[in-house]
Amino acid sequence: MRILLTGLGSIGRRHTRLLQESTRNIELIAYRSRASETGNGFGIPEYTQLQDALEADPDIAFITNPTHKHIETAMRCAKAGCDLFVEKPLSHDLNRVDKLISITEERDIVTCVGCQLRFDPVLNAAQERLQGDDLGSTISFCATAGSYLPEWRPDSDYRDSYSADPDRGGGVVLDLIHEIDYAHWLFGPLECTASEIEYTDTLDIESEAIAEAIVKGPDNCLGSIHLDYCRRQPRRTLEVICERGTIIANLEKKTLTVQYQSSTEQETFEYGRDQRFRKQLEYFLKHVDTRKACENNLQEGKDVLEIALEIRGGHDE
């Protein structure tokens, strides 16, 4: 199995490392628009032209270049017959998304959008509780994610990153689309009924730094989503109010708390960040083997992107 990585930034390098650690028989190649004089550190061949990389006949393409280049790169790879793993978000707008989906459906291509929080042990434990009988129906939920953008990439100036540039897909809504994605997965399909985004001079960036959204799911389940680049102490939590209790999932502390009327249960999980990515890779490659559609395929990625763009207040057609 030959896999093409279309970018070796931080996320591309993580996928490369985990793919090399896999027990599968995998050959890796990379497309980079500018080759490094010191190599890529993984010992894998590099191509500076995408067409040259595609002529090496990869079976799968991991779309790991900047967000605003995802669709164009994915379309070229799909036309070459590659199954597609597209890092989140699917794109920064909806331009040509339907065309890409059409190409993959015509060619029976397996697709997956990389939202690795779907494989988080705490959220999966929360899902099991929600699907059980003891808590009753879900009434509302609140998803929160916030951290301090300047500390995301301490070795580089955050003001030069894509996060700071809305034209490259930056901004807290698309950067932290994980919360929108897992809310859609757990409680969807969702509809955004109200939202506000704000900018801040304290970060000196052009993209939005704060977002608040009100969403609604089936059976009038009401939810709120808060995202920000400003929080000095990182927070990633989900609180779900149910008919007979409340679930609190804390992804920073890796705990799941369930509060009933007269008792409280708490479970603590031990895992590293790589575990989520490994499970995601195993899930995708298994579906490539069986030729069955992934749950988070391009169509679902588009559904989540539409919600995100509604939160941002519109999009280009």
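Using the working numbering, read the sequence shown as starting at 18 and increasing by one per residue. All C-beta atoms in this analysis are idealised placements derived from N, C-alpha and C, irrespective of residue type, glycine included.
- Each residue's CA atom was taken as its position, placing Tyr216 and Arg41 some 45 angstroms apart.
- By the Cβ-count criterion, Ser27 is exposed, with fewer than 16 other Cβ atoms from all chains shown falling within 10 Å of its own Cβ.
- Listed in chain order, the non-local C-beta contacts of Phe59 below 6 angstroms within the same chain comprise Thr33, local neighbours out to five positions each way being set aside.
- Close CB contacts of Thr210 within its chain, under the 8 angstroms cut and outside five residues either way in sequence, are with Ile231, Val232, Lys233 (chain order).
- Non-local beta-carbon contacts of Arg19 in its own chain, meaning distances under 6 angstroms to residues more than five positions away in sequence, involve Glu44, Pro75, Asp76 in chain order.
- Pairing Glu72 with Ala47 gives a Cβ-Cβ distance that is not under 8 angstroms.
- Val127: not part of any beta strand (DSSP E); DSSP gives it neither H nor E.
- Between the C-alpha atoms of Cys159 and Tyr199 there is a straight-line separation of about 12 angstroms.
- Here Lys105 is buried: its Cβ has 16 or more other Cβ atoms, across all protein chains shown, within 10 Å.
- Within the stretch 66-147, the complete alpha helix (DSSP H) segments of 4 residues or longer fall at 67-71, 87-96, 114-123, listed in chain order.
- In the DSSP secondary-structure assignment, Cys238 is not bridged to any residue.
- Look at Phe158 here: in three-state DSSP terms it is strand.
- DSSP, read as helix, strand or coil, puts Ser50 in coil.
- Here Asp100 has Asp76, Ile77, Ala78, Ile126, Val127, Thr128, Val305 as same chain residues with Cβ atoms under 8 angstroms from its own Cβ, once five neighbours each way along the sequence are excluded.
- Note that the C-beta distance between Thr84 and Leu191 is below 8 angstroms.
- Secondary-structure assignment with DSSP links Ser212 through a beta bridge to Ala230.
- Per the coordinates, the alpha-carbon of Gly262 lies some 22 angstroms from the alpha-carbon of Glu269.
- In the three-state reduction of the DSSP assignment, Tyr199 falls in the helix class.
- For the pair of segments examined, the stretch 268-287 was found not to touch the stretch 90-97: the number of CB pairs separated by less than 8 angstroms stays below three.
- Separation of Ile80 and Leu22 (C-alpha to C-alpha, rounded to the nearest whole angstrom) is 7 angstroms.
- Listed in chain order, the non-local C-beta contacts of Gln144 below 7 angstroms within the same chain comprise Leu203, local neighbours out to five positions each way being set aside.
- When C-beta atoms of the stretch 159-179 are compared with those of the stretch 247-262, three or more pairs fall below 8 angstroms, so the two segments count as touching.
- Distance from the CA of Phe301 to the CA of Arg170, rounded to the nearest whole angstrom, comes to 28 angstroms.
- Relative to Leu193, the option among Leu322, Leu220, Thr274, Thr65 whose CA is nearest is Leu322.
- If you look at Ile328, you'll find it isn't in any beta strand (DSSP E); it sits in the alpha helix (DSSP H) that goes 315-329.
- The beta carbons of Leu25 and Arg49 sit about 6 angstroms from each other, so the pair counts as a contact at 8 angstroms.
- One Cα belongs to Phe136, the other to Glu312, and the distance between them is close to 12 angstroms.
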